[in-house]
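Novice: Using this note's numbering, the final residue of the sequence shown is 256, and nothing's skipped along the way. Ideal placement from N, C-alpha and C gives every residue a C-beta, glycine not left out.
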Amino acid sequence: MSQPPRIFAPHRRLAARRRAMVLQNQPNAAHYLLDDMVEDVLERLSFVQMVPKRALVVGDWTGALGAALRAQGAEVVEADPAGLRGAMVLDEEQPYLLRDFDLIASLGTLDTVNDLPGALIHMRQALAPGGVMIASFAGAGSLPALRAIMMAADGDRPAARMHPMVDVRAGAQLLQRAGFADPVSDGRAVKVRFRSLAGLVGDVRAQAWGGVLAQNGPAVGEAGYARALVAFDELAEDGRVTEVFEILTLSGWRR
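(1) Is Glu247 near Ala141, with beta carbons less than 8 Å apart?
(2) What does Ser197 pair with, by DSSP beta-bridge criteria?
(3) Which whole-angstrom value is the C-beta distance of Leu57 and Phe102, which I expect to be below 8 Å?
(4) Restricting to runs no shorter than 3 residues, where is the beta strand (DSSP E) found entirely within the stretch 43 to 74?
(5) Do you know offhand how far Arg196's Cα is from Ser137's?
(6) Looking only at its chain, what residues have a beta carbon closer than 7 Å to the beta carbon of Met38, apart from the 5 residues adjacent to it on each side?
(7) Determine the extent of the beta strand (DSSP E) in which Pro11 is found, giving its start and end residues.
(8) Whose CA, out of Ala199, Val49, Val191, lies closest to the CA of Ser143?
(9) How many angstroms separate the CA atom of Gly212 from the CA atom of His164?
(10) Quick check: the Cα distance between Gly156 and Val242, rounded to an integer number of angstroms?
(11) Is Ile135 closer than 8 Å to Val1 when the C-beta atoms are compared?
(12) At a cut of 8 Å, does the stretch 221 to 240 reach the stretch 182 to 189 through at least three beta carbon pairs?
(13) Could you say which of Gly203, Val221, Gln216 lies nearest to Pro28 if we only look at CA atoms?
(14) For the beta strand (DSSP E) containing Ala139, list its first residue and its last residue.
(15) What do you get for Gln216, buried or exposed, if any count of 16 or more other CB atoms within 10 angstroms of its CB means buried?
(16) Can you grab the Cα-Cα spacing for the pair Ala75 / Leu214, in whole Å?
(17) Is Pro5 near Asp116, with beta carbons less than 8 Å apart?
(18) If you compare alpha carbons, which of Gly64, Leu128, Gln73 is closest to Glu79?
(19) Are there 16 or more other CB atoms within 10 angstroms of the CB of His12, so buried, or fewer, so exposed?
(20) Leaving out the 5 sequence neighbours to the left and right, which residues in its chain are closer than 8 Å to Ala69 when beta-carbon positions are compared?
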């Protein structure tokens with residue numbers, strides 16, 4: 002069997018998550034994207050009137066989803082690719098050691114695995130019959146402003162800095178390929194206004210949404226950063242740039 006292309010560097014992926022965890026200890030650290038994902042998972046479970054008995058929560062370093070599920074009586078296992086805050090270390094590209102979950106919720110991690118189809122198959126196999134998977138992560142419409150700013154920063158030598166992302170249509174095809182029943186793929190936009198480029202980049206890093214490409218571009222340098230600041234100001238309206246974080250959510254059942 003052929004190996005998936007190596008788009009992402011696993012060590013950079015884990016380093017970005019560990020750096021985000023350090024930044025989360027600072028006052029007023031941004032975590033609104035995880036907050037949105039947690040709220041969305043709980044709303045979806047309420048809509049289908051499902052109260053899980055045994056759940057696996059991946060990637061939620063806030064602990065909010067696990068706490069909410071435990072309050073409903075669920076047994077919860079918490080996992081993370083980097084083992085953040087004492088969570089079980091989980092390699093999403095390998096078969097899961099623990100199985101028979103009636104809920105697997107993955108938050109903010111699957112956009113940076115090299116073998117996304119394989120990761121989804123492993124999730125389905127770890128579900129008990131009748132179980133549901135809900136996975137939310139960065140979608141293809143994310144960070145258009147930052148992408149434009151970085152293109153301007155690179156000038157006439159553009160470099161790969163931000164990784165490719167999955168759109169809604171491709172998400173639906175991935176769910177079908179992985180064998181999920183009743184697959185649903187949808188996206189939603191979280192729009193945030195920033196007064197400075199530093200604020201935008203800071204929020205991206207604090208929430209582990211930065212690039213972790215296996216072959217990253219060269220350092221921007223002083224001249225490139227100056228061009229980035231000019232590009233930010235050109236995009237600003239009333240002194241602020243509106244950035245879009247698109248959250249793609251994939252869900253499906255094991256029948």
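Specialist: To lay it out plainly:
(1) Cβ distance < 8 Å, so Glu247 and Ala141 count as in contact.
(2) Listed as beta-bridge partners of Ser197 by DSSP are no residues whatsoever.
(3) Leu57 to Phe102, Cβ: 5 Å. Contact.
(4) Taking only runs of at least 3 residues, the beta strand (DSSP E) segments lying wholly in the stretch 43 to 74 are 55 to 59.
(5) About 27 Å.
(6) For Met38, where only same-chain residues beyond five positions count, the Cβ hits under 7 Å are Leu108, Gly109, Ser137, Ile248.
(7) First-last for Pro11: 11 to 24, but that is the alpha helix (DSSP H), not the beta strand (DSSP E).
(8) Of Ala199, Val49, Val191, the residue nearest in Cα terms is Val191.
(9) Each residue's alpha carbon lies about 6 Å from the other.
(10) Each residue's Cα considered, the two are about 20 Å apart.
(11) The question about residue 1 has no answer, for the chain in this structure spans 2 to 256.
(12) Counting C-beta pairs with one atom in each stretch, the stretch 221 to 240 and the stretch 182 to 189 have fewer than three that are closer than 8 Å, which means they do not touch.
(13) Comparing Cα positions, the closest option is Gly203.
(14) Element bounds for Ala139: 128 to 139.
(15) If you draw a 10 Å sphere on the C-beta of Gln216, you find fewer than 16 other C-beta atoms in it, and that means exposed.
(16) Between Ala75 and Leu214, the alpha-carbon positions lie close to 37 Å from each other.
(17) Yes, these two residues count as a Cβ contact at 8 Å.
(18) Measuring from the Cα of Glu79, the nearest candidate turns out to be Gly64.
(19) By the neighbour-count rule (16 or more Cβ atoms within 10 Å), His12 is not buried but exposed.
(20) Taken in chain order, the residues that qualify are Val39, Leu43.
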